[in-house]
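Numbering (our numbering), first residue to last: 125 to 349. Idealized CB from N, CA, C, for every residue including glycine. Note that the structure is predicted; figures quoted are calculated from it, not measured. Remarks on the structure that follows.
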């Protein structure tokens, strides 16, 4: 199959499950299935031209986003999707922007986005789980984005399962009102509000909005050859 070249930046998120050896095969498979299902959620977001997900090396995964603006929202949404169903499971994550050449599978793809994302994951230390590997066009912007990822990572690491579920429902584009989330979860609106506050939801979504505005200002729209 011929490779598809994206001449404008895309995003590649690369990750692996923390302490996967301590998980049962059933739990690990459930986590990976949840990541795959979440990729389908992202694919339904407005302006998401191409979203792909692939598992590799047993506990590793990659998520390809044709629209880089959704990167930080997707990272937080992915953590919410995992934590809401598996509260004790965590994943490392590294994101990077750049051109890419897509093969039939992500494992057969190449380009700066894939390379930088992989390097960023390998370079993660022990104090944080997320990293931004660059691609915004300047060292200053890349460093600023990496710092934002570090703070968002830290703010969301302590989510409970219910906090993650509430945040995940309210973090999608065109999110429903809290009263509608409360009805879906069969709890009081005050309960939803409390979980969202304890999840640092307002601050995190403020960070997401500013990240997306910054990406829109420096990254051109998708272009495929």
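Hey, out of the options, whose CA is closest to residue i's CA?
| i | options | result |
| --- | --- | --- |
| residue 172 | 192, 316, 145 | 192 |
| residue 210 | 299, 343, 287, 182 | 287 |
| residue 143 | 256, 213, 290 | 213 |
| residue 294 | 279, 266, 328 | 328 |
| residue 167 | 335, 175, 253 | 175 |
| residue 134 | 202, 236, 183 | 236 |
| residue 252 | 318, 244, 259 | 244 |
| residue 336 | 182, 306, 272 | 272 |
| residue 239 | 274, 188, 208, 202 | 188 |
| residue 202 | 155, 224, 226, 229 | 155 |
| residue 196 | 297, 322, 310, 315 | 297 |
| residue 321 | 261, 279, 300, 258 | 279 |
| residue 190 | 159, 225, 248, 158 | 225 |
| residue 339 | 285, 319, 281, 259 | 259 |
| residue 200 | 159, 318, 309, 268 | 159 |
| residue 268 | 285, 334, 165 | 334 |
Check this for me: beta carbons of residue i and residue j, under 8 Å apart or not?
| i | j | result |
| --- | --- | --- |
| residue 137 | residue 241 | yes |
| residue 222 | residue 185 | no |
| residue 265 | residue 342 | yes |
| residue 256 | residue 219 | yes |
| residue 163 | residue 177 | yes |
| residue 316 | residue 306 | yes |
| residue 230 | residue 183 | no |
Quick one: is residue i buried, meaning 16 or more other Cβ sit within 10 Å of its Cβ, or exposed?
| i | result |
| --- | --- |
| residue 277 | buried |
| residue 180 | exposed |
| residue 289 | buried |
| residue 161 | exposed |
| residue 263 | exposed |
| residue 303 | exposed |
| residue 170 | exposed |
| residue 250 | exposed |
| residue 312 | exposed |
| residue 330 | exposed |
| residue 347 | Bear in mind that the predicted position of residue 347 carries a pLDDT of just 45, short of 50, making it too unreliable to give a figure here. |
| residue 270 | buried |
Under 8 Å by Cβ, that's how I've got residue i and residue j pegged, so tell me the actual separation to the nearest angstrom.
| i | j | result |
| --- | --- | --- |
| residue 204 | residue 325 | Not quite, the Cβ-Cβ distance comes to about 10 Å (not below 8 Å), so this is no contact. |
| residue 283 | residue 207 | 5 Å |
| residue 254 | residue 228 | That pair is no contact at about 29 Å. |
| residue 132 | residue 344 | 5 Å |
Any heavy atom of the ligand SAM within a distance shorter than 7 Å of the CB on residue i?
| i | result |
| --- | --- |
| residue 280 | With respect to small molecules bound, the structure shown includes none, and the ligand SAM cannot be examined in it. |
Exercise. If you scan the region 166 to 211 from start to end, which runs of the alpha helix (DSSP H) of 4 or more residues do you find wholly inside it?
Worked result: The region 166 to 211 contains these whole alpha helix (DSSP H) runs: 195 to 209.
Exercise. Enumerated in chain order, which unbroken segments of the beta strand (DSSP E) with a length of 3 residues or greater are wholly contained in the region 232 to 278?
Worked result: Runs found: 254 to 256.
For this session: Run through the region 127 to 156 for me and flag every whole beta strand (DSSP E) of 3 or more residues, listed as ranges in chain order.
Result: As for any beta strand (DSSP E) of minimum length 3 sitting wholly inside the region 127 to 156, the runs are 128 to 141, ordered along the chain.
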